[in-house]
Structures are given as structure tokens and as C-alpha cells.
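Here's the structure, in C-alpha cells; my notes come after.
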Amino acid sequence: MRTAYLNTLQELARKDERIVSLVADNGLIVYDDFKRDFPKRYFNFGISEANMVAAAAGMANCGQIPFCYTISAFLAYRSYEFIRNDVCFQNQNVKIVGIGSGVAYSTLGPSHHATEDIGLLRGLPNLTVFSPGSPLDVRNIIHAAYEIQGPVYIRLGTNNEQELYEREYDFKVGKAEILKDGRDLTIIVTGRIAADVLKAAKKLEKQGIHGRVVNVHTLKPFDKEAVIRAAEETGAVYTVEEHSICGGLGSIVAEVLAESRIGTKFYRIGLQDCFAKGYGTYEEVKKANRLDADALCEKILKLHCGQ
Amino acid sequence: MTDKEHLKQIRKNIFCTAYKGGAGHLASAFSVVEILYVLYCKGILNYRPKDPLWEDRDRMIMSKGQGCLALYAILSKVGFFPESELNTFCQPGSSLGGEPKLGDVPGVEASTGSLGHGLSFAQGIAMAYKTLGKKNQVYVVIGDGECQEGSVWEAAMSASHFQLDNLTVIMDNNKLQAMGKVSELMSIEDWGEKWSSFGWDVSVVDGHDVEALKNCLGQEHQAGRPRFVIADTVKGKGVSFMEHVPIWHYRMPNEEELHVVIEELEIKKEELGI
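Residue numbers (numbering that gives the first Met the number 0), protein chains in the order written: chain A, 0 to 306; chain B, 0 to 273.
What follows is the structure in C-alpha cells.
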């Protein structure tokens, strides 16, 4: 995802000199091309995320298009009030790009995890919230973020995600993508954990359960229709996120279902109001928190069949 | 009118505005009157009141949003909006709130209110002007109490690092904050030494002396360094019983106190609508 982000940013920056890059002591080596090609449009603010975000709002106020980049957890939590007051309240054209969302910094633990960021940020007026599932999502999202005249938060994973799509798709802001169709149940997912959900769905196929997998790359505005269709057509909706079940995708879907008055089977899979347990590789930490493909398959089977 | 008369008129407008709105940080506004008067009325800032978004304007960010009564009084005085609008302050339908809001009020350059934001925001503007090769100057008014916010020092470091010699911070050094004396709540030995050690070009001035402020702010920037002006002021300046008294951060005068204000600021009762 990171390479897809940087390549797209580079491409856009070449075309539009209003684009500037702001980092907060994160992005060693990976920003070298940008620095080389646009030295006057690259600023490292050091370890001061809040300061960077507010300065970005000032730059946007002068017509520039700042892309602020650092670790998601530090952006979302450390600079939250600055995102709120300087960027969103003043409706400034700032793009906030977080790297290492979810439990990507698996060896470092919860200080570096962004597992409550969606819940925090989606409540902010004027902010568009993107959560890509694959490099192709990232590419489309960065182009969309550039076109949007206003605040955007983009929740990136890291840099080794597999591509979920076989080919280019018709990307629209606020329109969820069906990665795999099915009639028995729907799994709605956001972020890079979509790859695990696809694996889990394939395992469910072997058990005779044909699940639909819906990838929500835009959390705000949210594709309510996709949820309503899923509930009506499949009768069961499960959400999966590498995030707390409080305030994230599961909560958004619950809000949609409650207001639509559709009775359906529903369950939120994610961190159950806790910080992620354990250290290890990304796969190991997911496993420790029952968010790997096997655990997801097992959980959904149990929920769906009462096994 | 003499400067003295203009200043009295501004303080009078501040009080009438707050009185009619039934709210406002009076003392915070009174301390910053001369600073804003010099910026807007003594040729320091370039601006066009009838074209508030004029591309070549200088920017003035009121980071201590609690001083907005003074900002509104000045902005209306120099023609950004009619003085009559002051009468709507903090009332339903008004664009003049208890903290300034960008986009709602012509001449207001930032939404502030939560302290420790304005300097970082202004720094971004100053950086953009540098990148764009523009000559606009950027001014920020902060409070001394506001410097307890950590973000102020993040920006103090980075504005110096980025060599923003188009940025001037004026600290309204009124020595009081909501709950008492700044020196007692969070003592700082020497403001000048602190900012100077962060790489700023520091000067100290009497924040109620128009000529001194004009001379100070009219000076050329030192190349490559942002400028920090410590403007020594009195919180509540202009109303005897408010001066140096912390409670006037919040309070509005009772009937007895009102008579004193009316006398000292030479307000006619009809100007207060009573």
C-alpha cells in the first residue's frame, strides 16, 4: 500500500505543484524520490504530529494541497484536536495519511496500533474517511482524495498487502465493492484484513456456505445501500475489522441496520473492546487476537450455524 | 481623533458589545487593544477591508481567541463589517461568536478558541508564502498563559527551523490566566531567554504604548529568523477595578460596577440600551 501511495502521490505532484508533502519523522528512504524531485515541497516537522497537522491547515488555507504522513496511531490520537479544529472545523483541504493502521506494527504493541482511529475520526464533520483493502484501492483513493476539496483521512496498512482485485474496477467514493458474491451470508470488511476475509470465505465454501464479501474502502460517506442489500439478499451480516468493534465498521453497519429496520443476523468481529494482545509477526498478532483467516472462518461458521 | 481617543472608543465598543451580548472575556480583550490598534491602524498590516481575501494581504491570526471582542471592535472600526453588527454579539443569528470563526466574519483569518493552535496554523501560512515566493507577512497574537500548551513549543522549534522570517508572534503578556497569576500557576523565569534559545529574534515592548509598539513592529525582520515580541500588558486595561484581577477573565459587571465602567470609558447609557 505504501508504494502505491507514494507512486500515486509522485505522479500527482508532477502534475500539480500545489501538492506538498509533510512528514513527522517517518518515511526514511521511502520519501527519497519525492524529496529529490520536489525538494521545496517536502517538509519534515520532526516528532510533532499536532504541529504538522495544524501547519498543513495553514498551507491549505493558502491554496496548497498538503499530504501529511506518519504512523496512523500518532496522527489519529496525538493530533486529534488539531484534525478537528484546524482541518475539519475550518474545512481545509488537507489529506491525512496514516501508515501502519490496525495492528501492522505487530512487534511494537498497542502504543503503535491504530485500532480506535475509525471510531474517533468518523465523527468529525467534513472529513472523508478511506480505508483501502489493497494497493489498487490505494491508488484509486489517492486520486479521489486529490479531487476532493476538503479534509480526507486515509488509513493505510503497510507495504506487503496482496492485490484483492483481479482487474481494475469502477471505483466510486462511498461505494463498497463486492469482492466475492454469495447468497448465504455477507461479510462486510474494511482495510487490509479483507485478504483474510477472502480466505475465510473460501474455507466456508468448502463447508457449503456461499458468503458474499463486501470491501468497504470508504467509511465516510458510507454505502448504506450495500448493507441493506446484503441484509435483504443474504439474511446475515457479519463485519470484520482490524479495529475495535466500538465505533468502527461494525458500529457503522449496526447503525444502518437499526435505522433500516431490517431484521437480520448480525455480529461484529474485531477487537472486543480491548487492546490487541501479544507480539510477533503481523500474522501471529492477528492469530493471537482471533483475527486470522482460520479464526474468522471458525467464528462465522459458529455464528451462522450455531456450531 | 487622537490615538488616545481611538483607543478609548475601541474599549467602549468592546464593553458595549459584551454588555449587549451578555457574555465575553472583557479583560482578555482590554489587554490586547493597543497591539491590534497598531497592527491595523498604524500601517503595519497590509489589508483591504472591502476585499478581505485579497491575495496580497498580510495575515493576523488571533491565537488567543478569548481576545476576540477586541478583534471584532478593530475589524469593524477599519471597515471589514459595520460597527452595528457588534450589537449582535453572541446572539442567535449572529456571526460574531465568543470565539472567532473563519469564514463567518470578514477579516478573521482562523477559527481559534482552543489554545495552542494559532501559531502552528500561522506557521503553515508563512511556509506556504515562502514556497510560493510571496512577500506577505504573518502575525500571530498569543497569550502568555497560552504558552503552557505544548504545541506552542513544537511550533516554536519548527518555525525557527524553517527560518520563517515572514512570521511575527506578539505575546500579550498580561500575566494572568483564568485562575490566577501565570507566575504562580506555571512559572517561567524569562520569556525572552526561552524564545531566544529556540532561535527567535526577541524584543520586549510596552504593550500599551502605541509609539513603542509601532517602532517595534515596524522594524525589518532579521533574515532567517522568526520574530517574537513580548508585549507587556495589563489584563483588564482601561477599567480600574478589572486591572490585574483574575476574575474579570469571566465576569460581567454588576450594577454598581457598571456605573464605574460607564464613567471610566465615557459610555452613554443609551449606548448600552439602558
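For glycine and all other residues, C-beta sits at the position ideal for the given N, C-alpha and C.
Apply the 10 Å Cβ neighbour rule to residue i and answer buried if 16 or more other Cβ atoms are within range, or exposed otherwise.
{"i": "Asn-253(B)", "result": "exposed"}
{"i": "His-258(B)", "result": "exposed"}
{"i": "Pro-38(A)", "result": "exposed"}
{"i": "Leu-52(B)", "result": "exposed"}
{"i": "Met-185(B)", "result": "exposed"}
{"i": "Ser-83(B)", "result": "exposed"}
{"i": "Arg-191(A)", "result": "buried"}
{"i": "Thr-111(B)", "result": "buried"}
{"i": "Glu-153(B)", "result": "buried"}
{"i": "Tyr-4(A)", "result": "buried"}
{"i": "Ser-196(B)", "result": "exposed"}
Short of 7 Å in beta carbon distance, which residues of its chain neighbour residue i, apart from the five on each side in sequence? Order them along the chain.
{"i": "Pro-124(A)", "result": "Cys-87"}
{"i": "Asp-2(B)", "result": "Val-209"}
{"i": "Ala-75(A)", "result": "Gly-97, Ala-113, Asp-116, Leu-119 and Leu-120"}
{"i": "Thr-280(A)", "result": "Ser-105"}
{"i": "Ile-43(B)", "result": "Val-37, Leu-216 and Gly-217"}
{"i": "Glu-48(A)", "result": "Ala-23, Thr-69, Phe-73, Leu-74, Arg-77 and Ser-78"}
{"i": "Glu-148(B)", "result": "Leu-114 and Gly-115"}
{"i": "Cys-245(A)", "result": "Gly-118 and Asp-272"}
{"i": "Phe-79(B)", "result": "Pro-48, Pro-51, Pro-105 and Gly-106"}
{"i": "Pro-99(B)", "result": "Met-61, Gly-64, Cys-67, Leu-70, Val-107, Ser-110 and Thr-111"}
{"i": "Gly-272(B)", "result": "Lys-19"}
Less than 8 Å between the C-beta atoms of residue i and residue j, yes or no?
{"i": "Gly-45(A)", "j": "Asp-24(A)", "result": "yes"}
{"i": "Thr-185(A)", "j": "Ala-229(A)", "result": "yes"}
{"i": "Gly-99(A)", "j": "Thr-7(A)", "result": "no"}
{"i": "Thr-167(B)", "j": "Gln-122(B)", "result": "no"}
{"i": "Asn-92(A)", "j": "Ala-59(A)", "result": "yes"}
{"i": "Lys-174(A)", "j": "Val-212(A)", "result": "no"}
{"i": "Lys-41(B)", "j": "Lys-236(B)", "result": "no"}
{"i": "Ser-27(B)", "j": "Gly-66(B)", "result": "yes"}
{"i": "Leu-21(A)", "j": "Cys-67(A)", "result": "yes"}
{"i": "Asp-195(A)", "j": "Ala-103(A)", "result": "no"}
{"i": "Leu-248(A)", "j": "Thr-263(A)", "result": "no"}
{"i": "Arg-17(A)", "j": "Gln-89(A)", "result": "no"}
{"i": "Ser-157(B)", "j": "Asn-84(A)", "result": "no"}
{"i": "Ser-150(B)", "j": "Trp-199(B)", "result": "no"}
{"i": "Glu-33(B)", "j": "Leu-6(B)", "result": "yes"}
{"i": "Met-274(B)", "j": "Leu-25(B)", "result": "Because chain B spans 0 through 273 in this model, residue 274(B) falls outside it and cannot be assessed."}
{"i": "Leu-270(A)", "j": "His-242(A)", "result": "yes"}
{"i": "Ile-141(A)", "j": "Leu-203(A)", "result": "no"}
{"i": "Arg-1(A)", "j": "Leu-107(A)", "result": "no"}
Against residue i, what residues of chain A qualify as contacts under a CB-to-CB distance less than 7 Å, listed in chain order?
{"i": "His-258(B)", "result": "The premise fails here: His-258(B) is roughly 40 Å from chain A at the closest Cβ pair, so nothing lies under 7 Å."}
{"i": "His-116(B)", "result": "Ala-53, Phe-81, Asn-84 and Asp-85"}
{"i": "Glu-153(B)", "result": "Ser-47, Ala-49 and Asn-50"}
{"i": "Ser-182(B)", "result": "None at all; the shortest Cβ gap to chain A is about 26 Å."}
{"i": "Ser-150(B)", "result": "Ala-49 and Asn-50"}
Would you mind telling me which residues of chain B sit closer than 9 Å to residue i, beta carbon to beta carbon, in chain order?
{"i": "Gln-89(A)", "result": "Lys-100, Leu-101, Gly-102, Ala-109, Ser-110 and Phe-120"}
{"i": "Val-188(A)", "result": "Ordered by position in chain B, no residue passes the 9 Å Cβ test against Val-188(A), which lies about 36 Å from the chain."}
{"i": "Val-19(A)", "result": "Met-126, Ala-127 and Thr-130"}
{"i": "Gln-148(A)", "result": "By Cβ distance, chain B contributes nothing, its closest Cβ being about 14 Å from Gln-148(A), past 9 Å."}
{"i": "Cys-67(A)", "result": "Those do not exist, as Cys-67(A) stays about 11 Å from chain B at its closest Cβ, beyond 9 Å."}
Once you ignore the five residues that flank residue i on each side, which residues in its own chain have a CB closer than 8 Å to its CB?
{"i": "Gly-21(B)", "result": "Cys-89 and Met-251"}
{"i": "Ser-239(B)", "result": "Val-259 and Glu-263"}
{"i": "Asp-205(B)", "result": "Ala-211, Leu-212, Ala-230 and Asp-231"}
{"i": "Gly-142(B)", "result": "Ser-27, Ser-62, Lys-63, Gln-65, Gly-66, Leu-114, Met-170, Asp-171, Asn-173 and Gln-176"}
{"i": "Asn-12(B)", "result": "Ala-72, Ser-75, Lys-76, Glu-82 and Leu-85"}
Tell me whether residue i, by its Cβ, gets closer than 7 Å to a heavy atom of the ligand ZN.
{"i": "His-248(B)", "result": "This structure lacks the ligand ZN, and indeed carries no ligand of any kind."}
If you drop the 5 nearest sequence neighbours on each side, which residues of the same chain put their C-beta closer than 6 Å to that of residue i?
{"i": "Trp-190(B)", "result": "Ile-229"}
{"i": "Arg-277(A)", "result": "One point to set straight first is that residue 277(A) is Gly, not Arg, in the sequence displayed. Excluding positions up to five away in sequence, the list reads Val-284 and Ala-287."}
{"i": "Gly-23(B)", "result": "Ala-17 and Leu-68"}
{"i": "Pro-245(B)", "result": "Leu-175 and Gly-179"}
I want to verify the contact list: residues of chain A whose CB lies under 8 Å from the CB of residue i, in sequence order.
{"i": "Met-126(B)", "result": "Phe-42, Ala-54, Gly-57 and Met-58"}
{"i": "Ser-93(B)", "result": "In chain order: nothing, as chain A lies at least about 18 Å away."}
{"i": "Val-159(B)", "result": "In the sequence on display, residue 159(B) carries Ser and not Val. What Ser-159(B) touches in chain A: nothing, since even the nearest Cβ is about 12 Å away."}
Please list, in chain order, the chain B residues whose beta carbon lies closer than 7 Å to that of residue i.
{"i": "Glu-80(A)", "result": "Ser-113"}
{"i": "Asn-92(A)", "result": "Chain B residues near Asn-92(A): none, gap ~12 Å exceeds 7 Å."}
Which chain D residues are close to residue i, counting only those with a beta carbon under 8 Å from its beta carbon?
{"i": "Lys-39(A)", "result": "Here the protein chains are A and B, and chain D is not one of them."}
Residue i versus chain A: which residues are under 9 Å apart at the beta carbon?
{"i": "Gly-275(B)", "result": "In this structure chain B extends from 0 to 273, so residue 275(B) is not present and cannot be described."}
Curious, which full-length beta strand (DSSP E) runs of at least 3 residues does the segment 190-262 of chain B contain? 200-205 and 226-231
Extract the residue ranges of the alpha helix (DSSP H) inside the segment 13-51 of chain B, only unbroken runs of 4 or more that lie entirely within it. 25-30 and 32-40
What are the start and end residues of each continuous alpha helix (DSSP H) run of 4 or more residues lying completely inside the segment 64-98 of chain B, in chain order? 67-76
Runs of 4 residues minimum, wholly inside the segment 78-135 of chain A: which ones carry the alpha helix (DSSP H) assignment? 116-120
Report the start-end ranges of each alpha helix (DSSP H) in the segment 98-130 of chain B that is 4 residues or longer and not cut off at the edges. 117-130
Alpha helix (DSSP H) runs contained entirely in the segment 21-65 of chain A, provided each spans 4 or more residues: 31-36 and 48-60
Any chance you could list the beta strand (DSSP E) runs of at least 3 consecutive residues sitting entirely within the segment 245-295 of chain A, in chain order? 264-270
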